[in-house]
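Numbered continuously in the working numbering, the sequence shown closes out at residue 372.
Report on the following structure.
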Amino acid sequence: MLTEFGLRHPRGETRHLYGAGALEGGLAELAPALAGRALFAISSRPVLDLHGARLEAAAAPLGGFARVLEVADGERAKSVAEAERLWRELARAGGRRDSALLAFGGGSVGDLAGWVAASFLRGVEWLQVPTTLLAQVDAAVGGKTAIDLPEAKNAVGAFHHPLAVIADAGWLATLPRAELRSGLVEAVKTAALLDLALLARLEGDLDRLLAGEPEALAPVAAAAARAKAALVARDPEEAGERRLLNLGHTLGHALEAEIGYGAIAHGDAVAHGLRFALRLSVAGGGDAAFAARVERLLGRLGVPPLPPAGALDVGRLIERIGRDKKARAGGVGWVLVDGPGRGRVDVRLDAGRLRAELDAWLGASRAASL
Ligand SMILES: NC(=O)c1ccc[n+]([C@@H]2O[C@H](COP(=O)([O-])OP(=O)(O)OC[C@H]3O[C@@H](n4cnc5c(N)ncnc54)[C@H](O)[C@@H]3O)[C@@H](O)[C@H]2O)c1
Ligand SMILES: [Zn+2]
Numbered sequence: 003m004l005t006e007f008g009l010r011h012p013r014g015e016t017r018h019l020y021g022a023g024a025l026e027g028g029l030a031e032l033a034p035a036l037a038g039r040a041l042f043a044i045s046s047r048p049v050l051d052l053h054g055a056r057l058e059a060a061a062a063p064l065g066g067f068a069r070v071l072e073v074a075d076g077e078r079a080k081s082v083a084e085a086e087r088l089w090r091e092l093a094r095a096g097g098r099r100d101s102a103l104l105a106f107g108g109g110s111v112g113d114l115a116g117w118v119a120a121s122f123l124r125g126v127e128w129l130q131v132p133t134t135l136l137a138q139v140d141a142a143v144g145g146k147t148a149i150d151l152p153e154a155k156n157a158v159g160a161f162h163h164p165l166a167v168i169a170d171a172g173w174l175a176t177l178p179r180a181e182l183r184s185g186l187v188e189a190v191k192t193a194a195l196l197d198l199a200l201l202a203r204l205e206g207d208l209d210r211l212l213a214g215e216p217e218a219l220a221p222v223a224a225a226a227a228r229a230k231a232a233l234v235a236r237d238p239e240e241a242g243e244r245r246l247l248n249l250g251h252t253l254g255h256a257l258e259a260e261i262g263y264g265a266i267a268h269g270d271a272v273a274h275g276l277r278f279a280l281r282l283s284v285a286g287g288g289d290a291a292f293a294a295r296v297e298r299l300l301g302r303l304g305v306p307p308l309p310p311a312g313a314l315d316v317g318r319l320i321e322r323i324g325r326d327k328k329a330r331a332g333g334v335g336w337v338l339v340d341g342p343g344r345g346r347v348d349v350r351l352d353a354g355r356l357r358a359e360l361d362a363w364l365g366a367s368r369a370a371s372l
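This is the structure we're talking about:
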């Protein structure tokens with residue numbers, strides 16, 4: 003079954019097509035918008051090896067790709083060097099204002115391709131064909147693009163909405179379990195804030211979701227993406243309620259930086275960050291039964307525990323939280339969820355309280371890890 007919805011934004015509207023067969027259906031639907039344009043695919047070797055043949059076959063009725071441009075796999079795609087290489091390859095291959103790029107891969111390929119689409123010749127058209135659950139649930143939705151600097155992740159980028167997001171469920175069958183878990187953590191986050199029917203579906207189908215069954219994953223990806231798109235439409239440039247989606251990310255980003263990118267997966271760091279946010283919500287009078295429900299679901303995902311006692315320096319974590327990209331002049335604004343669908347942005351914590359809560363939580367979560 004295909005799910006289709008739009009996201010209105012200042013440049014127009016992004017079409018979203020989710021489900022089995024979305025690739026062929028989506029490209030056929032876009033044929034008029036793509037007619038006469040040179041189409042450049044951007045992807046990485048592992049994704050092309052697994053799924054490139056199907057992509058090429060689906061693009062054939064549109065005249066195929068002018069070129070398939072290969073970039074480094076994973077987060078290494080999001081570098082200044084890879085962006086420069088793409089700009090220059092596009093220039094050499096005859097890329098023009100009316101060319102279009104097609105990002106084929108996870109969030110890393112999407113973020114890089116989107117940034118190149120935003121900047122090459124001051125902006126060209128592009129499409130997202132996300133192949134990881136995380137990208138279908140989160141990264142491909144909302145028009146944010148970015149590359150990393152050695153100094154900071156996602157430090158250079160732009161809002162640049164694609165023409166369409168074509169999220170075919172077929173790709174998901176080859177995802178390793180850790181990648182599935184990352185996407186599911188973001189889906190739990192979105193569900194707790196915005197879609198309680200999705201939360202119930204996640205609870206009911208979790209075993210099939212973790213087993214990577216595309217029939218179970220497709221409606222989850224579609225529902226999470228639709229909920230995010232609705233929020234983004236109301237707050238395109240993250241001035242207010244879009245910040246809800248940073249739930250779990252304030253501590254999550256600090257954990258990633260402190261433990262080391264690569265040593266802990268983003269989704270796992272966010273899962274721990276979510277648990278901490280739930281603790282803060284309950285301490286502030288939030289719904290304890292709801293927090294326990296979300297904690298139980300996260301527990302079933304099999305997120306690895308945090309490093310053992312002593313390995314995490316609370317002072318350094320707090321320092322990193324203060325340096326968070328999202329922090330503003332007034333300090334760090336936490337996102338909490340006080341009950342079903344009851345998110346709150348911009349919650350301020352004084353330094354003493356944060357330290358006490360982190361100390362207590364780290365002690366407790368080491369004793370009873372996920
Ligand atoms: N723009 C946004 O709004 C936004 C939001 C969230 C995350 N992100 C970004 O997304 C990135 C993470 O994305 P990700 O989790 O998709 O990881 P990823 O893009 O780094 O991909 C992870 C791995 O999955 C492999 N892979 C991709 N598709 C596959 C498939 N179908 N089968 C098997 N393997 C496959 C890739 O080869 C890669 O090795 C981060 O850089 C993050 O900053 C962006
Ligand atoms: Zn995230």
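Built from N, CA and C at the ideal position, the CB exists for glycine as well.
Quick caveat: nothing in here was measured; it's all calculated off a predicted structure.
Asked                                                                                                                       : Found
Alpha carbon of Glu188 to alpha carbon of Ala223, nearest angstrom                                                          : 10 Å
Option nearest Ala166 by Cα separation, candidates Gly324, Gly333, Gly27                                                    : Gly27
Run of the beta strand (DSSP E) containing Val190, from where it starts to where it stops                                   : Val190 -> not in any beta strand (DSSP E); alpha helix (DSSP H) instead, spanning 179-196.
Val118 CB to nearest heavy atom of ligand 1 below 8 Å                                                                       : no
N-terminal and C-terminal residue of the beta strand (DSSP E) that Trp117 is part of                                        : Run containing Trp117: none in the beta strand (DSSP E); it sits in the alpha helix (DSSP H), 109-121.
Straight-line gap, Gly333 to Phe67 (C-alpha atoms, nearest Å)                                                               : 47 Å
CB contact flag (Glu84, Val70, <9 Å)                                                                                        : no
Burial state of Glu258, where buried means 16 or more other Cβ atoms lie within 10 Å                                        : buried
Burial state of Pro164 (16 or more Cβ within 10 Å)                                                                          : buried
Backbone secondary structure at Pro221 - three-state DSSP                                                                   : helix
Three-state class that DSSP yields for Pro132 in the structure shown                                                        : strand
Any non-hydrogen atom of ligand 2 within 8 Å of Asp140 CB                                                                   : yes
Residues bridged to His11 (per DSSP)                                                                                        : Gly14
Chain-order list of residues whose beta-carbon lies under 7 Å from that of Glu91 (same chain, five-residue window excluded) : Leu71
Limits of the unbroken beta strand (DSSP E) element including Gly159                                                        : 158-161
Supposed contact pair Ala43 and Leu52 - C-beta distance, whole angstroms, cut 8 Å                                           : Wrong, their Cβ atoms sit about 14 Å apart, outside the cutoff.
Local Cβ density within 10 Å of Leu151, reported as buried at 16 or more and exposed below that                             : exposed
Contact under 9 Å by Cβ, Leu280 with Val349                                                                                 : no
Per DSSP, cross-strand counterpart(s) of Leu73                                                                              : At residue 73 the sequence reads Val, which differs from the Leu that was named. DSSP output for Val73 lists Ser46 as bridge partner(s).
Gly254 Cβ short of 8 Å to ligand 2 heavy atom set                                                                           : yes
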